[in-house]
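Protein chains in written order, with the UniProt record's numbering: chain A, 1 to 352; chain B, 1 to 352.
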């Protein structure tokens with residue numbers, strides 16, 4: 001049995017859910033997965049920092065109020081966010097980075113990831129920024145320092161599509177993918193079609209139900225999907241795309257009438273992120289609304305659900321459908337990354 | 001780079017497709033997967049046997065006519081099937097068993113698998129019989145002899161659902177599954193609904209198009225799905241079912257009228273194989289037609305496509321959809337099993 005010492009960077013919904021899962025399931029993970037988690041450091045813009053190499057009490061952590069500077073009340077805690085200090089001093093084996101995505105340059109999360117990896121600490125992250133902008137150099141940093149860099153949760157939250165494509169579909173000659181990779185825009189389109197809502201009304205409904213943020217721009221205009229397409233194309237198809245290389249067209253131009261006309265013709269508009277590798281190895285990637293016939297596996301994916309179809313030469317199309325958001329679901333992605341690290345370590349491969 | 005010496009038991013569509021894949025892709029697999037395959041023995045009821053520890057010429061093998069006793073023409077070949085002799089003498093590291101499923105007791109394939117495993121030779125198989133009847137004892141034989149027993153292709157052909165559930169969904173608290181696991185019956189139901197065909201007419205159409213065998217009983221009455229449910233429930237949910245423990249009801253009782261009435265009510269009849277684990281660990285499994293609302297991810301799965309929804313406590317429902325048959329697709333399942341064995345061997349775990 002192993003115990004991994006984990007530092008949580010960001011303590012919003014996702015990392016708090018990871019702490020909750022650990023509090024509830026550590027005993028179960030010990031038996032089923034062969035390891036338990038000990039949280040030794042946390043840093044959060046709003047709550048402050050805490051360093052406790054002996055382990056933070058998980059019940060105290062999960063029940064911590066959301067008040068500004070709340071970490072001050074814990075042993076080893078401070079009201080100020082001191083992320084670098086936490087990474088340097090808490091003695092973590094693994095950093096779980098779950099702060100918000102900065103779509104311009106992936107900072108400061110990318111620097112936190114790099115600091116950890118350069119120190120030989122593995123990183124698991126749900127943050128699209130560091131991966132979309134710097135996956136290659138961060139993976140190299142991991143390799144050079146005997147650490148691991150895992151990011152399953154950046155694309156479909158807990159639904160394990162990156163690992164499915166890389167591991168379960170190995171040898172199937174993957175040549176591309178197309179996916180519904182944003183729950184907010186899919187919910188908006190579903191509402192416009194089924195309830196006849198205007199675009200604005202559907203966005204408002206999504207906000208009321210918690211499917212859309214106060215500023216839904218990144219979801220609606222396709223930029224969130226653009227980052228995910230960048231991550232997948234680089235990781236699965238060997239592309240070297242930067243986020244701005246992926247042309248993004250959002251769903252703002254679609255009317256309820258257009259959606260209902262499509263439905264009458266046995267088709268459905270979906271916001272599709274896709275990439276395809278040409279025989280010469282070049283990769284064409286895009287984000288745009290596409291009209292899918294109802295027979296397409298993605299056409300039936302409604303509400304805020306996500307799905308992706310992998311295009312392979314040997315097997316044809318294989319589709320995975322599951323949640324693409326949710327705090328517990330996304331925390332599970334971090335757990336699945338830690339499981340992957342555990343497997344690699346116990347297989348006797350890497351040193352750390 | 002490794003080279004695996006493979007014996008092919010059964011040389012119908014699937015193992016012939018594996019030989020074709022090896023002939024075309026060995027150079028590619030060397031680079032991408034780190035190994036190549038050498039076929040050192042083949043045995044087939046109709047074609048005879050061939051043993052060639054130095055490797056059978058792959059082009060001669062893939063182009064071999066389908067005439068009775070045809071192996072006689074190859075160096076080291078005989079017109080007679082001598083499966084045990086082939087396994088004992090060809091020097092294989094891996095036996096690829098792809099003969100027809102015997103739904104009564106899994107023989108003689110089970111004995112072939114056991115002979116190989118007892119000799120320390122790993123087995124990959126697409127044959128439901130040995131797995132549904134004897135998975136536990138065959139896995140134990142593999143373990144005791146430093147070999148591996150892999151059977152991804154027994155459930156959804158090349159679509160890697162067993163490995164997805166065991167590896168990619170580890171830690172998600174899997175409590176059950178429901179799936180469309182038989183392409184023939186799904187094609188028949190789809191044709192009855194969309195074309196208004198009677199059951200008999202739809203079966204005939206499926207036979208004409210090659211989706212159904214001359215005797216479609218096992219597909220139509222649910223027994224094929226019953227074997228798959230047995231395999232999945234035992235492997236994923238820790239059940240100890242024998243095939244006859246799974247109650248099977250087929251699709252013969254459904255009329256075109258019933259299917260069209262369901263469609264008018266936004267629902268669809270599907271033949272569903274399912275199992276669910278109760279909190280006390282007991283597993284309830286069944287095969288029967290179920291009326292699914294169109295929002296269910298399985299309702300949109302048409303024609304001969306297969307799909308399975310895994311029920312997890314942490315992630316909710318995750319669905320995988322893909323081919324459930326096809327000679328190349330099923331041969332890919334054997335390749336994916338060999339990839340899995342290669343990973344375990346190169347991870348430094350087992351001895352063989």
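Glycine included, every Cβ here is placed at the ideal spot set by N, Cα and C.
Three-way DSSP call (helix, strand, coil) for residue i in this model
| i | result |
| --- | --- |
| residue 265/B | coil |
| residue 101/A | coil |
| residue 240/B | coil |
| residue 344/B | helix |
| residue 350/A | Low local confidence applies: a pLDDT of 39 at residue 350/A is under 50, so the model's placement there is unreliable, with the coordinate-based value given in what follows. It is coil, neither helix nor strand. |
| residue 184/B | helix |
| residue 89/A | helix |
| residue 200/B | helix |
| residue 273/A | strand |
| residue 20/B | helix |
| residue 39/B | strand |
| residue 172/A | coil |
| residue 3/A | strand |
| residue 165/A | helix |
| residue 94/B | strand |
| residue 81/A | coil |
| residue 283/A | strand |
| residue 333/B | helix |
| residue 189/A | helix |
| residue 251/B | coil |
| residue 178/B | strand |
| residue 209/B | coil |
| residue 221/B | coil |
| residue 152/A | coil |
Beta-carbon neighbours of residue i, restricted to chain B and to distances below 9 Å
| i | result |
| --- | --- |
| residue 29/A | 171 |
Proximal chain B residues relative to residue i, where beta-carbon distance stays under 7 Å
| i | result |
| --- | --- |
| residue 163/A | 168 |
Beta-carbon neighbours of residue i, restricted to chain A and to distances below 9 Å
| i | result |
| --- | --- |
| residue 150/B | Near residue 150/B there are no residues of chain A at all, since even the closest Cβ is about 13 Å away, more than 9 Å. |
| residue 154/B | Within chain A, no residue comes near residue 154/B; the closest Cβ sits about 15 Å away, beyond 9 Å. |
Residue i: contacting residues in chain A (beta-carbon distance under 8 Å)
| i | result |
| --- | --- |
| residue 322/B | 315, 316, 317, 318, 319 |
| residue 158/B | 172, 314, 315 |
I want to know whether the region 284-292 of chain A touches the region 241-256 of chain A - three or more CB-CB distances under 8 Å.
yes
At a CB distance below 7 Å, what residues from the region 295-308 of chain A approach chain B? Give them in sequence order.
295, 297, 300, 302
Check whether the region 198-213 of chain B and the region 53-70 of chain A touch, using three or more Cβ-Cβ pairs below 8 Å as the test.
no
For the region 212-239 of chain A, list every residue whose C-beta sits within 9 Å of some C-beta in chain B, in sequence order.
none
Whole runs of the beta strand (DSSP E) within the region 107-143 of chain A, excluding any shorter than 3 residues:
122-125
Taking a Cβ distance cut-off of 9 Å, strictly less, list which residues of the region 29-49 of chain B are near chain A, in chain order.
29, 32, 33
Hey, which unbroken runs of the alpha helix (DSSP H) at 4 residues or more fall wholly within the region 286-323 of chain A?
none
Validate contact between the region 93-111 of chain A and the region 4-11 of chain A using beta carbons, cut 8 Å, 3 pairs:
yes
Of the residues that make up the region 328-349 of chain B, which ones have a beta carbon closer than 7 Å to any beta carbon in chain A?
328, 329, 332, 335, 336, 339, 347, 348, 349
In chain order, which alpha helix (DSSP H) runs of at least 4 residues are fully inside the region 27-78 of chain A?
58-62
Along the region 266-299 of chain B, what residues have a CB closer than 7 Å to any CB found in chain A?
295, 297
Count the C-beta pairs between the region 126-133 of chain A and the region 311-322 of chain A that are closer than 8 Å, then say yes if the count reaches three, no if not.
no
Whether or not the region 218-233 of chain A and the region 271-279 of chain A are in contact is what I'm after, with contact meaning three or more pairs of Cβ atoms, one per stretch, closer than 8 Å; do they touch?
yes
The region 322-331 of chain A contacting the region 149-157 of chain A, beta-carbon criterion three pairs below 8 Å:
yes
Does the count of Cβ pairs from the region 297-304 of chain A and the region 157-173 of chain A closer than 8 Å reach three?
no
Determine, using beta-carbon pairs with one atom in the region 63-77 of chain B and one in the region 35-48 of chain B, whether at least three such pairs fall under 8 Å.
yes
If you pair each beta-carbon of the region 337-349 of chain A with each one of the region 6-25 of chain B, do three or more pairs fall below 8 Å?
no
Touch test, the region 169-187 of chain B against the region 210-228 of chain B, Cβ-Cβ under 8 Å, three pairs minimum:
yes
The region 110-125 of chain B in contact with the region 142-150 of chain B per 3-pair CB rule at 8 Å
yes
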